[in-house]
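Residue numbers (UniProt numbering): 1 to 403. Heads up: the structure comes next, in structure tokens.
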Amino acid sequence: MAAPINLLSLFIILTLHTSLAVGYNKPNPPAFLLSLIKDKATYLYYTNLNLGNNNHSPLTHSLAVDLGGGSSVLLRCNTAVKSTTYLPIRCDSAKCKQAKLDSFCFNKTTTCGKYVSTSFTEHPLNTLLGLDSVSLLILKRNGVTKTVHSSLTLTCTNDANALKLMPEVVNGTIGLGKSLISLPSQLASMHKTPRKFAFCLPSKPTGLGSLLIGEGSPYTNDVFKNLASTPLIVDRSSGRYFIDVKSIEIAGKNVSLDKKSRGNAMICTLAPYTILQTSTYKAMVREFVREAKLLRVAKVKPFEACFNSKGMESAAAVPVIDLVVNGGAKWRINRWNSLLKVKRDVVCLAFFDGGVNMKTTEMVIGGFQMEDHLVEFDLEASKFTFSSSLLLRNTTCTQNMIL
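Next up, the structure:
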């Protein structure tokens, strides 16, 4: 059996591969690397980010990864001001004007305000803009990493109830949505990096996944052979990301999909499992149960279809699920991303029924289905790229290492 591939090596190899492709004479933009953690209790994916330079001891914030987040970092204001290097952005400043369009000034303050999107609130959130220093890890093309400090525009809210849905394990969010002040946009503007990012979600709380912002993607030459892509669709009002799923197949058999609109599937790391419209969900469960060669057992709420786990290590026992996307590519979901262990000897099909009328989309692709897959959001090319499970290549996103 081949030795497992270290995840950091995946990033290094691709960074070298990209550098060779563009030539040595061109300057190499930095790639910013952050570790990702999976919370055991909430299944939330988050990163630890150092903000401020308080006597050379920055404050560490645990931030939920928000693909719909319009701000690089969103905190409560009473948390943001704990940093001695935090500076509110004034209304008459160039930074306020750069926020554009919906930036504004409050009647009782001179601090610049802006409405920002967040997946934790139904509507854009009323926030204040500020500046602080952030510590980031740069991955160079020779594989060497170093920490750099950069100025960052962030937002905070004084609304005590605005982030009440946010789990206690985090105290803010890191925003990756398509907006002027999201983290990818700010790093691209300051460091001339491409407007793209890639991540690999960890499947276990004991290990780390990775988020790479900028040039390069976490793929080896072996993984390159198995990549697929589809157009990336961005909602203009929220900055959230969607793809067009044409159909769903279970073991090669088509499942009826009540598709009504272009860009019917939202990518969301805050949803623990994929959510389907009721008719699609019922059809998929019915076909999966028919094809699975496992003993069905009593359901375990909130899941509908549960099985005895004995025998699931056999690939033939668990039918593969394919999301057929625009362009014809298939995003394959193998047994590791379809069945969740809920108790001893019991696994359940890890999909949710979203109801007859889902509010914003017909499908939400959740975090569990993306674990141990490499995915990339290329905002310049409007392209979403994905791999099949890394477990098929004897590696995972979860590596017990410190980046």
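Just so it is clear, CB atoms sit at the ideal spot from N, CA and C, and this is done for glycine as well.
Spatial neighbours of residue i in its chain, beta-carbon cut-off 8 Å, leaving aside the 5 residues before and after
| i | result |
| --- | --- |
| Met190 | Ser150, Ser151 |
| Thr145 | Leu33, Leu137, Ile138, Leu139, Leu403 |
| Asp258 | Gln277, Ser279, Thr280, Glu362 |
| Tyr273 | Leu340, Ala350, Phe351, Phe352, Gly366, Gly367, Phe368, Gln369 |
| Cys91 | Cys105, Thr110, Thr111, Cys112 |
| Leu59 | Asn50, Leu51, Gly52, Lys82, Ser83 |
| Ile248 | Asn254, Val255, Leu257, Thr280, Met284, Ile321, Asp322, Leu323, Val324 |
Same chain only: Cβ atoms within 6 Å of residue i, ignoring 5 sequence neighbours per side
| i | result |
| --- | --- |
| Val375 | Phe386 |
| Thr398 | Pro202, Ser203, Lys204, Gly207 |
| Ala271 | Val364, Gly366 |
| Val134 | Leu51, Ser150, Leu152 |
| Ala305 | Val285, Val289, Leu349 |
| Leu392 | none |
| Val300 | Cys306, Val342, Cys348 |
Residue range of the beta strand (DSSP E) that includes residue i
| i | result |
| --- | --- |
| Phe32 | 31-38 |
| Ala64 | 59-66 |
| Thr79 | Not the beta strand (DSSP E): Thr79 falls in the alpha helix (DSSP H), residues 77-80. |
| Cys112 | 112-116 |
| Lys164 | Here Lys164 belongs to no beta strand (DSSP E), and DSSP marks it neither H nor E. |
| Ile174 | 172-175 |
| Ile321 | 321-325 |
| Val245 | 245-250 |
| His149 | 145-157 |
| Lys301 | Counting along the chain, Lys301 falls outside any beta strand (DSSP E), and DSSP gives it neither H nor E. |
| Asn48 | 45-51 |
| Glu376 | 374-378 |
| Lys253 | 253-255 |
Residues near residue i in its chain [Cβ-Cβ closer than 7 Å; skip 5 each side]
| i | result |
| --- | --- |
| Val325 | Thr230, Ile243, Asp244, Val245, Lys246, Trp331 |
| Gly23 | Low confidence applies here, because Gly23 scores a pLDDT of 39, under 50, leaving its location unreliable and the question unanswered by this model. |
| Pro121 | The question names Pro, yet the displayed sequence has Thr at residue 121. Only Ala162 meet the Cβ criterion. |
| Lys282 | none |
| Ser185 | Ser179, Arg195 |
| Glu287 | Ile250, Lys253, Val255 |
Residue span of the alpha helix (DSSP H) that contains residue i, given as start and end
| i | result |
| --- | --- |
| His191 | 183-191 |
| Ala198 | No alpha helix (DSSP H) contains Ala198, which is instead part of the beta strand (DSSP E) from 196-200. |
| Asn337 | 335-338 |
| Ser279 | 278-291 |
| Phe368 | 367-370 |
| Cys96 | 94-99 |
Beta-bridge pairing of residue i - partner residues as DSSP gives them
| i | result |
| --- | --- |
| Cys268 | According to DSSP, Cys268 bridges with nothing at all. |
| Pro231 | Lys383 |
| Asn126 | Tyr115 |
| Gly214 | Ala31 |
| Val318 | For Val318, which the question treats as bridged, DSSP gives no partner whatsoever. |
| Asp132 | Leu152 |
| Met312 | Met312 is not bridged to any residue. |
| Arg90 | Thr111 |
| Cys348 | Cys306, Leu340 |
| Lys330 | Val324 |
| Leu74 | Thr155, Thr173 |
| Tyr273 | Tyr273 pairs with nothing; no bridge assigned. |
Residue burial classification, residue i (beta-carbon count within 10 angstroms, cutoff 16)
| i | result |
| --- | --- |
| Thr269 | buried |
| Gly252 | exposed |
| Lys196 | buried |
| Ala265 | buried |
| Asn337 | buried |
| Asp159 | exposed |
| Ala80 | buried |
| Gly177 | buried |
| Leu10 | Any reading at Leu10 must be qualified, since the residue scores a pLDDT of 47, below 50, and its modelled position is unreliable; no value is offered. |
| Lys293 | exposed |
| Ala298 | exposed |
| residue 412 | There is no way to answer for residue 412, as the model of the chain reaches only from 1 to 403. |
| Glu371 | buried |
| Thr193 | buried |
| Pro302 | exposed |
| His61 | buried |
| Ala99 | buried |
| Lys97 | exposed |
| Val356 | exposed |
| Val347 | buried |
| Leu295 | exposed |
| Leu165 | exposed |
| Lys310 | exposed |
| Ala31 | buried |
| Asp132 | buried |
| Gly327 | exposed |
Min CB distance residue i to chain C below 9 Å
| i | result |
| --- | --- |
| Ala188 | Considering every chain present, this structure includes no chain C. It has just one protein chain. |
Does the contact criterion of 3 or more C-beta pairs under 8 Å hold for the region 37-55 versus the region 160-177? The answer is yes - the region 160-177 touches the region 37-55, with three or more Cβ pairs under 8 Å.
With a cut-off of 8 Å, do at least 3 Cβ pairs link the region 113-129 to the region 68-88? The region 113-129 and the region 68-88 touch, with no fewer than 3 CB-CB distances between them shorter than 8 Å.
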